[in-house]
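Trainee: In the working numbering, the protein residues as written are 337 to 474.
Where is the CB? At the ideal position from N, CA and C, for every residue including glycine.
Next comes the structure, spelled out in structure tokens:
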């Protein structure tokens, strides 16, 4: 490998490491702010007739993440007994008449969760976890 190729490779490695550090800091901030989302959960509440999609065998945080990556999602309904998730295109403010009391359900709004928690993509995530991501090039 010539000198310029080595310099270019080092610059790319450095850039990836900087991105990983910044992403890690954002992830830590997101974890620290999850308390905001949990403190705003509405137990025994549900948004009806506003569903975008439903998902079985989902954790509550998977449900929230699905909402955060779905552009038109404004809220989620979650039924813990069945690990069942619903994403909604309405929230309590936009559809108060669809907001009901339902035992076993948990309701949460998108605005209560830090969007930074989903900004680190899967491809970058695995690259950041490698001790030397460019080792295979040597």
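(1) I'd like to check one pair, residue 450 with residue 378: are the Cβ atoms closer than 9 Å?
(2) From the DSSP output, which residues share a beta bridge with residue 409?
(3) So residue 391 and residue 410 are supposed to be a Cβ contact under 8 Å. How far apart are they, rounded?
(4) Residue 394 by DSSP, collapsed to three states: which one?
(5) State the beta-bridge partners of residue 444 as determined by DSSP.
(6) Which residue from 444, 339 and 435 puts its Cα closest to that of residue 398?
(7) For residue 396 versus residue 416, is the C-beta spacing smaller than 9 Å?
(8) How would you write the range of the beta strand (DSSP E) that residue 380 sits in, first residue to last?
(9) Within the continuous beta strand (DSSP E) that includes residue 420, where are the two ends?
(10) Please report the Cβ distance between residue 423 and residue 388, rounded to the nearest whole angstrom; I am assuming they are in contact, meaning their Cβ atoms lie under 8 Å.
Mentor: This is what the structure holds:
(1) Reading the chain shown from its first residue, position 42 is the one you call residue 378. Reading the chain shown from its first residue, position 114 is the one you call residue 450. By the CB criterion at 9 Å, residue 378 and residue 450 fall outside the cutoff.
(2) If you number the chain shown from 1, residue 409 lands on position 73. DSSP, once it has assigned bridges, lists no residue as partnering residue 409.
(3) Here residue 391 is taken as the residue at index 55 of the chain shown, counted from 1. Here residue 410 is taken as the residue at index 74 of the chain shown, counted from 1. So it is not a contact: roughly 17 Å between Cβ atoms.
(4) Here residue 394 refers to the residue found at position 58 when the chain shown is read from its first residue. Coil, per DSSP.
(5) What you label residue 444 is simply residue 108 of the chain shown in a count that begins at 1. The partner list for residue 444 (beta bridge, DSSP) reads 412.
(6) Sequence index remark: in the chain shown, residue 398 carries index 62 (1-based). Residue 444 holds the alpha-carbon nearest to the alpha-carbon of residue 398 among 444, 339 and 435.
(7) Here the question's residue 396 lines up with position 60 in the chain shown. Here the question's residue 416 lines up with position 80 in the chain shown. When the beta-carbon positions are compared, residue 396 and residue 416 come within less than 9 Å of each other.
(8) Stepping through the chain shown from its first residue, residue 380 is reached at position 44. Unbroken beta strand (DSSP E) run through residue 380: 378 to 383.
(9) Counting from one through the chain shown, the residue named residue 420 turns up at place 84. DSSP places residue 420 in the uninterrupted beta strand (DSSP E) bounded by 420 to 424.
(10) The residue given as residue 423 occupies position 87 in the chain shown. The residue given as residue 388 occupies position 52 in the chain shown. Right, the Cβ-Cβ distance comes to about 5 Å (below 8 Å), so this counts as a contact.
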